[in-house]
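First up is the structure itself, then whatever we jot down about it.
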Amino acid sequence: MKSYAEDMVKIINQEKKKKEQQKNDINRGYAEIFYNTVKFERKKLCHGEFSMMFPIFFDAMKKPTVVLKYDTEDCPDFVYTNEEMDINITFSFLSCEQIGKDILKVQQDIEQDIKEISNNITIEKDILNTKQELSIIQFLFPLQIQNNTILEVIFLFLINCNWVMGTFHCPFTQKRDWINIIKQMLLSIQLEN
43 MKSYAEDMVK
53 IINQEKKKKE
63 QQKNDINRGY
73 AEIFYNTVKF
83 ERKKLCHGEF
93 SMMFPIFFDA
103 MKKPTVVLKY
113 DTEDCPDFVY
123 TNEEMDINIT
133 FSFLSCEQIG
143 KDILKVQQDI
153 EQDIKEISNN
163 ITIEKDILNT
173 KQELSIIQFL
183 FPLQIQNNTI
193 LEVIFLFLIN
203 CNWVMGTFHC
213 PFTQKRDWIN
223 IIKQMLLSIQ
233 LEN
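Heads up: the sequence shown begins at 43 in our numbering, then just goes up one per residue.
Structure below.
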């Protein structure tokens, strides 16, 4: 039998969580991320193909920097990053002929590719549906790069027979703050054409 004190603690914790979620609703234009207030605004991305709520500190990475940071063969089409370049989001366009149209098959193939990196990676996966009924596949997992661990988020959605494949990276120490924010960012995607 639960005590009155246990019920009160549960109610207090639920209220704290509710306030935290309200405080970090990016649709209000700002969120608390890693002890900083970050402003968000809707931006058209990837030559206006779609828009999403985006941190105002993200800018398009210049092409020479993209080529240095990424292998030219695997270079994303678009990279947006903060000034320190430790938090970034990328977008690449792939034709359905390259990877197919079946969202569940694509999800399985990507999950298999991730597991090939390391068998002991814990993958959180989800299919999100936006207000425009756009389905977005999302994978979250920790990734070890040299001596650092980062939060890796891979996401895909379909626009006019082309898959948009994206990644989001941030220091793993900021995982708690960014997991909810990136989900809100993905849910805010709106097709512009």
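Glycine is no exception: its CB is placed at the ideal position from the N, C-alpha and C atoms.
Taking the alpha carbon of residue i as the point to measure from, which residue in the options has its own alpha carbon closest?
| i | options | result |
| --- | --- | --- |
| P213 | E91, I159 and I129 | I129 |
| E234 | Y77, K111 and G90 | G90 |
| T123 | L146, L87, G142 and F92 | L87 |
| Q232 | F199, F92 and Q149 | F92 |
| E153 | D144, K167, N162 and G142 | K167 |
| V80 | S230, S137 and I223 | I223 |
| D219 | I54, D67 and S45 | D67 |
| L193 | V148, E48, H211 and Q150 | H211 |
| F96 | K104, K85, I187 and N190 | K85 |
| A73 | F99, K52, E57 and M50 | F99 |
| E126 | Q140, I159, D144 and T107 | T107 |
| T172 | K225, E48, I145 and N161 | K225 |
| I159 | K59, I187, D116 and P118 | I187 |
| Q140 | D113, K105, I53 and M207 | M207 |
Starting from residue i, follow its DSSP beta bridges and name the residues at the other end.
| i | result |
| --- | --- |
| E139 | DSSP, once it has assigned bridges, lists no residue as partnering E139. |
| P106 | The partner list for P106 (beta bridge, DSSP) is empty, contrary to what the question assumes. |
| N130 | T123 and H211 |
| M94 | K85 |
| K167 | F181 |
| V51 | Answer by DSSP bridge pairing: none, since V51 is not bridged. |
| E57 | Answer is none; E57 lacks a bridge partner. |
| T79 | E74 |
Residue i by DSSP, collapsed to three states: which one?
| i | result |
| --- | --- |
| M207 | strand |
| N190 | strand |
| I231 | coil |
| D101 | strand |
| N222 | helix |
| Y46 | helix |
| N69 | helix |
| L245 | With the chain running from 43 to 235 in the structure shown, residue 245 is simply not present. |
Keeping to the same chain, check which residues put their C-beta closer than 6 Å to that of residue i; ignore five residues upstream and five downstream.
| i | result |
| --- | --- |
| Q216 | F76 |
| M94 | M227, S230 and I231 |
| L185 | I192 and E194 |
| I178 | L170, F197, F199 and L228 |
Taking 7 Å as the limit between beta carbons, can you name the residues of its chain near residue i, skipping five residues before and five after?
| i | result |
| --- | --- |
| I201 | E91, F92 and L233 |
| I156 | I163, I165, F181 and F183 |
| Q174 | Q232 and L233 |
Kindly list the residues whose CB is nearer than 8 Å to the CB of residue i, restricted to its own chain and excluding five residues on each side of it in sequence; keep chain order.
| i | result |
| --- | --- |
| F120 | L87, C88, A102, T132, F133 and S134 |
| S137 | C203, N204 and W205 |
| G71 | K81, F82 and E83 |
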